Amino acid sequence: MNNFEFKNPTKIIFGKDTIEKLENEIPKDAKVLLLYGGGSIKKNGIYDQVKKALAKVEVVEFGGIPANPEYAVLMQALKVIKDKNITYLLAVGGGSVIDGTKFLSAAALYEGDTPWDILTKNIRTEKGMPFGTVLTLPATGSEMNSGAVITRAETKEKLAMGGPGLFPVFSILDPQVITSIPKRQLANGLTDAFTHVLEQYMTFPSGALLQDRFAEGILQTLVEIAPTVIKDPSDYNAASNFMWSCTMALNGLIQKGVPTDWAVHAMGHELTALFGIDHARTLAVIAPSHYKFNFEAKKEKLAQYGERVWNLNEGSIDDKAHAAIEKTEAFFHQLGIDTKLSDYTKDYEGTAEKIAKRFTERGWMGLGEHQSLSPDKVEKIVKMAY
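Going by the working numbering, the sequence shown opens with residue 278, and the numbers climb by one from there.
Listed below in structure tokens is the structure:
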């Protein structure tokens, strides 16, 4: 097991009717900017619950943060923060709203002229404006980590940022919120969380037995509850396990002491930036090809995953590893998620070359747990995903 340090300061408030506890978490003298997305929270009752809980503090609202948090929109919100002397941020939404809020947390205290530099220059945020979250869509785990991904439409870029100053102060997780989420979004959430675990687990054996079991436990849970979540999101037991699995998939715990990959995300982000494909679906497009291309380097872990998550006990290590990739792809298909780029766009020709060129220009010369995936190899993986 590798050396590691672990600190996660986010307070989690989990369970039924916990949104009302919001009033106890925000300082009474705060001036709050309430951030949300397309307005679904006004239809499902979450907005009313939040406003009631915030009755004793001054609140300014900013809605309309899109599914891939857009830099231009966030810059409008940043102007509100400056003009209205906001002191506290509250994200009410899924990963996109929370990621956008993290950008604003960093940008509000950033002393440079161009906040986009935080992303292009990989500036770690040591201290941001304090913020909390009310999670409305389980998927990204952003409610309990310090990372974010921001999109810029004008340059067709999607870049990551983070730092210890970007953990939410608190996050409220009420599993009842998933009742009103469309099936497509539920499938995306399950796929996103599942792939988050794979990125931290599907590398090579490193002797971190407990982390492996944590990761496998999350994967097994997602597989077990997925049919119920899709069929009946009002099933509270399934909903609560779904929500907590998504949070645990990316709160830092399962990546401690182990090698991690994240090449699937690097490639997937480009597909979202270029074509506007849902983030989770880009991961499902890239992951099978990635594992097939890197089969020799990953087959021990693939076989272990096959045995422990999919009960594949017949044949050699190679047999189990190949079958595990097939099971993973079948799981995505069962959720209604397509796994080829051509399922999403007819304009896929040239995509692999374009992504390889971008990675070269950024100096991303070695992705993956071995830092061995050069842009020419990325090109081959993306082509395999056509």
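For every residue, glycine included, the Cβ atom is placed at its ideal position computed from N, Cα and C. Note that the structure is a prediction, hence the values are computed from the model and not measured.
- Taking C-beta atoms under 8 Å as the contact rule, T498 and S522 qualify, at a distance of about 5 Å.
- Remark: C-beta atoms of Y582 and A601 approach each other more closely than 8 Å.
- Taking A307 as reference, the option from A485, Q488, I358 and V454 with the minimal CA-CA separation is I358.
- The criterion of a C-beta distance shorter than 8 Å is not satisfied by M525 and L450.
- Distances from the alpha-carbon of A354 to those of K333, A383, N422 and G372 put A383 closest.
- DSSP, reduced to helix, strand and coil, places A425 within a strand of the structure shown.
- Comparing alpha carbon positions, the residue from I400, F380 and G315 closest to L414 is G315.
- Comparing C-alpha distances from M406 to each of P441, K657, F291 and K298 shows the shortest one belongs to P441.
- Residues of the same chain with a CB within less than 7 Å of the CB of Q462, apart from the 5 flanking positions on each side, are L414 in chain order.
- Secondary structure of A368 (DSSP, three-state): strand.
- If the five residues before and after F609 are omitted, its C-beta is found closer than 7 Å to the C-beta atoms of T468, A561 and T616, all from its own chain and listed in chain order.
- Burial is judged here by how many other beta carbons sit within 10 angstroms of a residue's own beta carbon; N588 has fewer than 16 and is exposed.
- Counting every other CB atom within 10 Å of its CB across the protein chains shown gives E431 a total below 16, marking it as exposed.
- A contact is defined here as three or more CB-CB pairs under 8 Å, and the region 479 to 488 fails this definition with respect to the region 419 to 433.
- Residue burial is scored here from C-beta neighbours: D376 has at least 16 other C-beta atoms within 10 angstroms and is therefore classed as buried.
- The beta carbon of E646 is closer than 6 Å to those of T480, P536 and D538 in its chain, skipping five residues each way along the sequence.
- In the DSSP assignment, the residues bridged to L644 are L650.
- Listed in chain order, the beta strand (DSSP E) runs fully inside the region 428 to 461 are 434 to 439 and 447 to 450, counting runs of at least 3 residues.
- When the five nearest sequence neighbours on each side are left out, the beta carbons in the same chain lying within less than 7 Å of the beta carbon of Q488 are those of I531, K533, G534 and V535, in order along the chain.
- Taking C-alpha positions only, S511 is separated from Q453 by approximately 7 Å.
- Listed in chain order, the alpha helix (DSSP H) elements of length 4 or more contained wholly in the region 458 to 534 are 460 to 478, 486 to 508 and 513 to 526.
- In this structure, DSSP gives I602 a helical state, which the three-state scheme calls helix.
- Residue state for I400 is assigned as coil, using DSSP reduced to three classes.
- With a contact defined as Cβ atoms closer than 8 Å, A368 and L312 qualify at about 5 Å.
- Relative to the Cα of N528, the nearest Cα in the group S457, N285 and K460 belongs to N285.
- Pairing K460 with E388, the inter-Cα distance amounts to about 42 Å.
- Shown here, E656 sits in a helix according to DSSP, grouped into three states.
- A direct Cα-Cα distance of roughly 45 Å separates I296 from A574.
- Its chain contains L551, L618 and V659 as the residues whose beta carbon lies nearer than 7 Å to that of T628, once the 5 sequence neighbours on both sides are disregarded; these appear in chain order.
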